[in-house]
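To start, the structure under review is shown below, and the notes come after it.
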Amino acid sequence: MTTAMTTAPLRTAPAPAPVPMVEVTGTALLLDQPAAPLAYGAVTVSGLRETGDAEYTAQARLLGFSTDVGHEPALMLEAARQAVAAGARTFYSAPLGSETALTFLQVHSMGPGPVAIADSLLLKITVTDRRAHHGTITALDHTVELFAHDALVGRVDVALRIR
Numbered sequence: 001m002t003t004a005m006t007t008a009p010l011r012t013a014p015a016p017a018p019v020p021m022v023e024v025t026g027t028a029l030l031l032d033q034p035a036a037p038l039a040y041g042a043v044t045v046s047g048l049r050e051t052g053d054a055e056y057t058a059q060a061r062l063l064g065f066s067t068d069v070g071h072e073p074a075l076m077l078e079a080a081r082q083a084v085a086a087g088a089r090t091f092y093s094a095p096l097g098s099e100t101a102l103t104f105l106q107v108h109s110m111g112p113g114p115v116a117i118a119d120s121l122l123l124k125i126t127v128t129d130r131r132a133h134h135g136t137i138t139a140l141d142h143t144v145e146l147f148a149h150d151a152l153v154g155r156v157d158v159a160l161r162i163r
């Protein structure tokens with residue numbers, strides 16, 4: 001007597017639902033958080049203001065994001081990146097059409113504490129080194145301090161190269 005062996009058809013997992021993206025001015029980031037499998041964050045930077053020799057401030061808004069585990073480093077990095085790129089063009093005459101590259105980017109979180117949806121950060125930017133070639137700025141190194149509700153929540157070191 002022979003027995004026919006059959007196998008059940010393979011089941012495939014349903015495709016994940018498409019991720020909705022909200023268009024904003026600035027940068028939208030998709031973040032993987034332990035507190036929430038998918039969390040959305042967007043950063044907009046505005047209000048650049050020169051405050052001294054090699055110093056300026058900016059405001060950053062963190063839109064559509066919250067976490068219970070502390071400040072989100074990716075959003076802090078993005079806020080700093082946008083601020084130094086805008087500052088290079090606003091205060092250091094980097095041409096609008098020029099390419100910029102980050103050669104160093106490091107965040108230092110100052111401890112736990114949630115950043116709420118639509119929270120505003122104050123960024124205090126200090127240019128720690130600048131290089132020029134034939135009178136044109138080619139490199140700017142920065143230290144960016146991030147404040148939420150008057151409390152220092154992080155520091156970002158950024159090296160920006162301009163071509």
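For what it's worth, full-length UniProt numbering labels the leading residue of the sequence shown as 1, then goes sequentially.
Glycine is no exception: its CB is placed at the ideal position from the N, C-alpha and C atoms.
In this text the structure is predicted, and so the values were computed from the model without any measurement.
Member of the options whose CA lies at the smallest distance from the CA of residue i
i, options, result
"Gly-154", "Ala-88, Val-127, Leu-140 and Ala-80", "Ala-80"
"Glu-50", "Ala-94, Val-127 and Val-158", "Val-127"
"Arg-73", "Leu-48, Tyr-92 and Gln-106", "Sequence check: residue 73 is Pro here, not Arg. That would be Gln-106, whose Cα lies nearest to the Cα of Pro-73."
"Asp-129", "Ser-120, Leu-123, His-142 and Leu-121", "His-142"
"Asp-119", "Ala-83, Leu-146 and Ala-86", "Leu-146"
"Leu-77", "Thr-90, Thr-44 and Tyr-92", "Thr-44"
"Thr-136", "Ala-83, Gln-82, Ser-98 and Ala-42", "Ser-98"
Alpha carbon of residue i to alpha carbon of residue j, nearest angstrom
i, j, result
"His-108", "Ala-148", "15 Å"
"Val-156", "Glu-55", "15 Å"
"Ile-125", "Gly-47", "13 Å"
"Leu-75", "Leu-123", "13 Å"
"Val-158", "Ala-85", "10 Å"
"Leu-38", "Ala-60", "Legend: pLDDT at Leu-38 = 41, less than 50; position of this residue unreliable, no value from coordinates given."
"Leu-62", "Ala-132", "33 Å"
"residue 172", "Ala-94", "Not covered by the structure: residue 172. The range shown for the chain is 1 to 163."
"Arg-161", "Leu-152", "27 Å"
"Arg-163", "Asp-150", "36 Å"
"Ala-139", "Ala-58", "20 Å"
"Leu-102", "Arg-89", "15 Å"
"Asp-53", "Tyr-92", "11 Å"
"residue 165", "His-134", "For residue 165 there is no data in the structure shown, the boundaries of the chain being 1 and 163."
"Leu-96", "Gly-87", "11 Å"
"Ala-42", "Phe-104", "22 Å"
"Leu-121", "Thr-100", "24 Å"
Those residues which DSSP pairs with residue i across a bridge
i, result
"Asp-129", "Asp-141"
"Ala-94", "In the DSSP output, where bridge partners are listed per residue, Ala-94 has none listed."
"Glu-50", "Tyr-56"
"Ala-86", "Beta-bridge pairing links Ala-86 to no other residue."
"Leu-146", "Leu-123 and Gly-154"
"Leu-75", "Beta-bridge pairing links Leu-75 to no other residue."
"Arg-161", "Ala-101 and Ala-139"
"His-134", "According to DSSP, His-134 bridges with nothing at all."
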